[in-house]
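2 protein chains.
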Amino acid sequence: MKKFDKFVVNALGRKVPTIVNGKEMVPFMGVGKHRPTGHKAAAPIVSAADFPADGNKTLPDLKAALVKAGLKDGMTISTHHHFRNGDVLAVQIFDIAKELGVKDLVWFPSASFPCQEPLIKYLEDGTIHHIEGSMNGALGRFASYGKMAGLGVLRSHGGRYQSVQDGEVHIDIAVIAAPTADAFGNATGDRGPAACGLLGFALADSQYADKVIVATDNLVPFPCIPWQIQGNNVDYVVVVDQVGIPEKIVSGTTEITRSPDRLFIAELTAQFCEEAGLIYDGFSFQAGAGGTSLSIGVYFAEILKEKGWKAAFARGGSNKYLVEMLEQGLTKFILDGQTFDLEGVRSMRENWNHVNTSPFTSYNYHGKGFFGSFVDIVILGATEVDINFNANVVTHSDGLLLHGIGGWQNTLFGKCTILPIPLFRDRIPVILDEVTTITGPGELIDVIVTERGIAINPKRTDLLEKVKGSNLPIKTIEELQAEAEAICGKPKKAKVDENEPIAVIKWVDGTIIDTVWRVEPN
Amino acid sequence: MKKFDKFVVNALGRKVPTIVNGKEMVPFMGVGKHRPTGHKAAAPIVSAADFPADGNKTLPDLKAALVKAGLKDGMTISTHHHFRNGDVLAVQIFDIAKELGVKDLVWFPSASFPCQEPLIKYLEDGTIHHIEGSMNGALGRFASYGKMAGLGVLRSHGGRYQSVQDGEVHIDIAVIAAPTADAFGNATGDRGPAACGLLGFALADSQYADKVIVATDNLVPFPCIPWQIQGNNVDYVVVVDQVGIPEKIVSGTTEITRSPDRLFIAELTAQFCEEAGLIYDGFSFQAGAGGTSLSIGVYFAEILKEKGWKAAFARGGSNKYLVEMLEQGLTKFILDGQTFDLEGVRSMRENWNHVNTSPFTSYNYHGKGFFGSFVDIVILGATEVDINFNANVVTHSDGLLLHGIGGWQNTLFGKCTILPIPLFRDRIPVILDEVTTITGPGELIDVIVTERGIAINPKRTDLLEKVKGSNLPIKTIEELQAEAEAICGKPKKAKVDENEPIAVIKWVDGTIIDTVWRVEPN
Numbered sequence: 001m002k003k004f005d006k007f008v009v010n011a012l013g014r015k016v017p018t019i020v021n022g023k024e025m026v027p028f029m030g031v032g033k034h035r036p037t038g039h040k041a042a043a044p045i046v047s048a049a050d051f052p053a054d055g056n057k058t059l060p061d062l063k064a065a066l067v068k069a070g071l072k073d074g075m076t077i078s079t080h081h082h083f084r085n086g087d088v089l090a091v092q093i094f095d096i097a098k099e100l101g102v103k104d105l106v107w108f109p110s111a112s113f114p115c116q117e118p119l120i121k122y123l124e125d126g127t128i129h130h131i132e133g134s135m136n137g138a139l140g141r142f143a144s145y146g147k148m149a150g151l152g153v154l155r156s157h158g159g160r161y162q163s164v165q166d167g168e169v170h171i172d173i174a175v176i177a178a179p180t181a182d183a184f185g186n187a188t189g190d191r192g193p194a195a196c197g198l199l200g201f202a203l204a205d206s207q208y209a210d211k212v213i214v215a216t217d218n219l220v221p222f223p224c225i226p227w228q229i230q231g232n233n234v235d236y237v238v239v240v241d242q243v244g245i246p247e248k249i250v251s252g253t254t255e256i257t258r259s260p261d262r263l264f265i266a267e268l269t270a271q272f273c274e275e276a277g278l279i280y281d282g283f284s285f286q287a288g289a290g291g292t293s294l295s296i297g298v299y300f301a302e303i304l305k306e307k308g309w310k311a312a313f314a315r316g317g318s319n320k321y322l323v324e325m326l327e328q329g330l331t332k333f334i335l336d337g338q339t340f341d342l343e344g345v346r347s348m349r350e351n352w353n354h355v356n357t358s359p360f361t362s363y364n365y366h367g368k369g370f371f372g373s374f375v376d377i378v379i380l381g382a383t384e385v386d387i388n389f390n391a392n393v394v395t396h397s398d399g400l401l402l403h404g405i406g407g408w409q410n411t412l413f414g415k416c417t418i419l420p421i422p423l424f425r426d427r428i429p430v431i432l433d434e435v436t437t438i439t440g441p442g443e444l445i446d447v448i449v450t451e452r453g454i455a456i457n458p459k460r461t462d463l464l465e466k467v468k469g470s471n472l473p474i475k476t477i478e479e480l481q482a483e484a485e486a487i488c489g490k491p492k493k494a495k496v497d498e499n500e501p502i503a504v505i506k507w508v509d510g511t512i513i514d515t516v517w518r519v520e521p522n
Numbered sequence: 001m002k003k004f005d006k007f008v009v010n011a012l013g014r015k016v017p018t019i020v021n022g023k024e025m026v027p028f029m030g031v032g033k034h035r036p037t038g039h040k041a042a043a044p045i046v047s048a049a050d051f052p053a054d055g056n057k058t059l060p061d062l063k064a065a066l067v068k069a070g071l072k073d074g075m076t077i078s079t080h081h082h083f084r085n086g087d088v089l090a091v092q093i094f095d096i097a098k099e100l101g102v103k104d105l106v107w108f109p110s111a112s113f114p115c116q117e118p119l120i121k122y123l124e125d126g127t128i129h130h131i132e133g134s135m136n137g138a139l140g141r142f143a144s145y146g147k148m149a150g151l152g153v154l155r156s157h158g159g160r161y162q163s164v165q166d167g168e169v170h171i172d173i174a175v176i177a178a179p180t181a182d183a184f185g186n187a188t189g190d191r192g193p194a195a196c197g198l199l200g201f202a203l204a205d206s207q208y209a210d211k212v213i214v215a216t217d218n219l220v221p222f223p224c225i226p227w228q229i230q231g232n233n234v235d236y237v238v239v240v241d242q243v244g245i246p247e248k249i250v251s252g253t254t255e256i257t258r259s260p261d262r263l264f265i266a267e268l269t270a271q272f273c274e275e276a277g278l279i280y281d282g283f284s285f286q287a288g289a290g291g292t293s294l295s296i297g298v299y300f301a302e303i304l305k306e307k308g309w310k311a312a313f314a315r316g317g318s319n320k321y322l323v324e325m326l327e328q329g330l331t332k333f334i335l336d337g338q339t340f341d342l343e344g345v346r347s348m349r350e351n352w353n354h355v356n357t358s359p360f361t362s363y364n365y366h367g368k369g370f371f372g373s374f375v376d377i378v379i380l381g382a383t384e385v386d387i388n389f390n391a392n393v394v395t396h397s398d399g400l401l402l403h404g405i406g407g408w409q410n411t412l413f414g415k416c417t418i419l420p421i422p423l424f425r426d427r428i429p430v431i432l433d434e435v436t437t438i439t440g441p442g443e444l445i446d447v448i449v450t451e452r453g454i455a456i457n458p459k460r461t462d463l464l465e466k467v468k469g470s471n472l473p474i475k476t477i478e479e480l481q482a483e484a485e486a487i488c489g490k491p492k493k494a495k496v497d498e499n500e501p502i503a504v505i506k507w508v509d510g511t512i513i514d515t516v517w518r519v520e521p522n
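One line per chain: the protein sequences are V and G, in this order. Following my numbering, the numbering of the first sequence begins with 1 at its first residue and continues without gaps. Following my numbering, the numbering of the second sequence begins with 1 at its first residue and continues without gaps.
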């Protein structure tokens, strides 16, 4: 199997391989340009005659289930990340694989977290061939130095659904960690000792994998309602001591920012949205989990309250601030992709209008539309932006692959995408001539808000028109770049080997938008 | 296309065609004997780039949507029957097809009702080639006299899901009547002026059809929650004046019986269940909609109340009696496949534990199990039973095809299936040497309860053992048959032409369990 082969230059001028881990790839062709053909993938047809008539699919433990599922060399094993840094199953799965002497597995998580650092030893000893999914922190560093046998393949949440649906990735065995489940395999994330909210990231896995294992530490009598994951797609159920560490489900920033600079950026962003007429009775928004984003959400809530308006829906990552808006009637719905704190979990359990969504519903680009495309205001982060508004969320300026894509690419399709970012971090300018890795094309990024001014994408003449004559500090992106460089100097390009890819970044349609290169160790 | 070809004798000794409407068929091989191979069907991969970014999929009317969906000769058009006898769309669809001059369509309803009698003219003029689905009353009579161009294909609700999932039936265009929907196509049945409860019968259609049209008379702002049907599967949305006639959603018997004979049968059935130990704290049951079944449910409720027990779940067809049980805490859940009255609709909207299910969840035999197989007590009807416990629900003793299968075949997999039936109807005995049409194999039918005694299937030695020594009137089925014949005489066989099939009856695994033959008009 060729790790990579022959490079071509894609529509954004980036050098990308045409073969990745033995599979042919399509280079990025422009937003909406690649049209898929053929039919969706489909799981094998099975007969209920081969499943227990009494509905009891339990097996003694995870090892028994993996063996029964036929775990063998070269298989693709999927997990989900709703437990975030409190996941315990991924490492157990590969401990078992190692014990059984199984090799060359592909790990296909919906995201990875620092708690999975112990998997490095299995990447080293050949138990795991490569990771298809985000590689944060230690795993990313390991891959960045060229130590992974295969190439990493990073996808957005929607892209992950798309790849499974389209048959680009075939999951042999899916392991679904479920805070509550019944013996038939129906499962929910919204209750139980390790409640994490929802299980939407595992939906594709449950629908398309050959074998599906549900692990739970809270087995309830049939029926487990809600059945976020349907037992009719599940082969085996195992009861484990602990399915995830609930305290660690909460990760990332969960409080609004107190930094004056960031608060200023937040206020400026909210002011921009108001003056550009983006906030109205019945608007919708998505603000992320960071301190700045949370603050912007709070400003939105204040504007709604003042005007006597209601949002049609807020897209979550839910948190206590969004839940407060819901329970105060400031938004009619929360459409939630993952709960970021325990208030989010509670609300999802208690409020009918706090809705459990999945990447299929929210983000799948190869569906008949997805609601991410009609969210009015989308607040996002970025590690770097370039003067063409292309943005990076996966690598740092030193070239190291340290973050996953999450839903970031998918949300770019919203009606107005805004990146509230500082002009520089650690004296390194954030606006560059060229970003280290293009994760999202500039044509989809509308506004950059910094502490020294706001740059609007010249393509958005409508927005430029709307804020004309306002007292907002509107500048060109080149002006913002020049201000940063006047203070910090011109930033250096990352020292990477542009003949040695270590990972590729998929666009939402399965094409390759950019390549991540090997970093020379210092 | 050959309407039918070559007959073989299946595992139940019934003569069945090997070709139906040009497609090869598999004869029934015995319960659980036919093992499917291959992969499920899959819809074409599409791109969100081809759908409106603002999520607005509305078109002016049903005709515009059918034209845009590419309606043409020979296509298969599906509809659902949650409006029961209040459906208005099916006739409109074929009125439009006729207007457009489209021919040879296959109508694939989840069930048909008397209100669709106007379709006979389209069966006559070639607009519709044949019906794959139940044919009740006038449509059944029309088919029975050999007047339909193609052969009818009758499937259970679960079999319909299975056939779509397995690719036996490819739906070109699905039209989903939705009491409430948004412009993106998310739809629900539990609210709106024509609320009918749920839309589970349309689930397969939404997932597998090439083109999906949602019609509604209650368009709400996005998001329509619950989204029983997901807009991500929907192509077009049309607003119509009236999507269904709500008063006619309620059909069939909705009150407990007052007939002394039937009340006696109901009481005897409940007594049998109690003495055989089938009712316990945490048991589950399904009782149908007829007056006798409703009465049995009321007896079950009384037993639970008296003992201080709770059912784990009641399988509906929901109605006011089940809702009362739910709201009094006598059952933890209602798992509902279709609401039979407006109390059912209200409860589904208001009670989180009144759960909307689909044939995928409840009945699909080609899934990883289905919950129908572990319902403790299943109460069913039949037009005829034979001394081998085979039963008929589709034809009458005169050979006329007058009923659909519904979920009847699927529920036979329950732990104890009981048919409470009168010993004769209109002086025609119900227990025969051979039923006119085998709809369900005797090995899955456990108990026959009549006003003159109870026959237990000799295979169920466990049940025979349990009621030994009780004062229940246990008899053999031959004894019951003899009693009926002593009163009414030996019944005559239907006058049918056993070389001229007019329809086939599919088993839950897609094989053919029996043939319906042409009836000579009197």
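C-beta atoms are modelled at their ideal positions from N, C-alpha and C, and glycine is treated no differently. Quantities reported herein were computed from a predicted structural model and do not represent experimental measurements.
Straight-line measurement puts the Cα of G:Ser110 at about 19 Å from the Cα of G:Leu66.
Residue environment analysis places V:Tyr208 among the buried positions, since at least 16 neighbouring C-beta atoms fall within 10 angstroms of its C-beta. For G:Cys416, DSSP records a beta bridge to G:Ile377. If you check each beta-carbon in the segment 349-377 of chain G against every beta-carbon of chain V, the ones closer than 8 Å belong to Trp352, Asn353, Val355, Phe360, Thr361, Asn364, Tyr365, His366, Gly367, Lys368, Gly369, Phe370, Phe371, Ser373, Phe374. Taken through DSSP and simplified to helix, strand or coil, V:Lys15 comes out as strand. In this structure, V:Val234 sits near V:Val212, with a CB-CB distance shorter than 8 Å. In this structure, the straight-line span from the alpha carbon of V:Lys23 to that of V:Lys72 is close to 20 Å. According to the DSSP assignment, G:Pro260 belongs to the alpha helix (DSSP H) that extends over 260-275. With a cutoff of 8 Å on beta-carbon distance, G:Lys468 and G:Ala455 are scored as not near each other. The continuous stretches of beta strand (DSSP E) do not include V:Asn410, which lies in the alpha helix (DSSP H) extending over residues 408-411.
Taking CB atoms only, G:Leu335 has a neighbour in chain V less than 8 Å away.
About 12 Å separates the Cβ atoms of V:Ile512 and V:Asn21, ruling out a contact at the 8 Å cut-off. In the three-state scheme derived from DSSP, where H, G and I count as helix and E and B as strand, V:Leu59 is classed as strand.
Any Cβ of chain V closer than 8 Å to the Cβ of G:Val46 would place that residue at the interface, and such an atom is present. Closer than 9 Å at the C-beta level to chain V, one finds no residue of the segment 16-28 of chain G.
Rounded to whole angstroms, G:Gly369 and G:Asp210 show a C-alpha spacing of 27 Å. Listed along chain G, the residues sitting closer than 8 Å to V:Arg35 by beta-carbon distance are Ser47, Ala49, Asp50. Boundaries of the beta strand (DSSP E) harbouring G:Ala215: 211-216, taken from the DSSP string. Annotated three-state conformation of V:Phe83 is coil, per DSSP.
Judged by beta-carbon spacing, V:Thr76 lies beyond the 8 Å limit of V:Val153, meaning their Cβ atoms are not closer than that value. In this structure G:Gln328 is exposed. Its beta-carbon is surrounded by fewer than 16 other beta-carbon atoms within 10 angstroms. Classified as exposed, V:Arg258 has fewer than 16 neighbouring CB atoms from the shown chains inside 10 Å of its CB. The beta carbon of G:Gly414 lies closer than 6 Å to those of Val375, Val378 in the same chain, with the five residues before and after it left out. Boundaries of the alpha helix (DSSP H) around V:Gly137: 137-144. Counting only residues of its own chain and dropping the five nearest sequence neighbours on each side, G:Ile279 has a CB closer than 6 Å to the CB of Cys273, Ile303. Between V:Val519 and V:Pro501, the beta carbon gap of about 12 Å keeps them out of contact (Cβ cut-off 8 Å). Chain-ordered listing is empty here: chain G has no CB closer than 8 Å to the CB of V:Val67, the nearest sitting near 18 Å. Around the beta carbon of G:Val435, 16 or more other beta carbons sit within 10 angstroms, so the residue counts as buried. Legend: CB atoms of the segment 229-256 of chain V lying less than 8 Å from CB atoms of chain G belong to residues Gln230, Gly231, Asn232, Asn233, Val234, Asp235.
Taking each of G:Pro359, G:Trp107, G:Val430, G:Leu268 in turn and checking the Cα distance to G:Thr395, the smallest one comes out for G:Val430. In summary, no residue of the segment 298-309 of chain V has a CB separated from any CB of chain G by less than 8 Å. Between the C-alpha atoms of G:Gly86 and G:Pro246 there is a straight-line separation of about 6 Å. Residues of chain G with a Cβ closer than 9 Å to the Cβ of V:Ala43 are, in chain order, His39, Lys40. Counting other Cβ atoms within 10 Å of its Cβ, V:Thr37 stays below 16 and is therefore classed as exposed.
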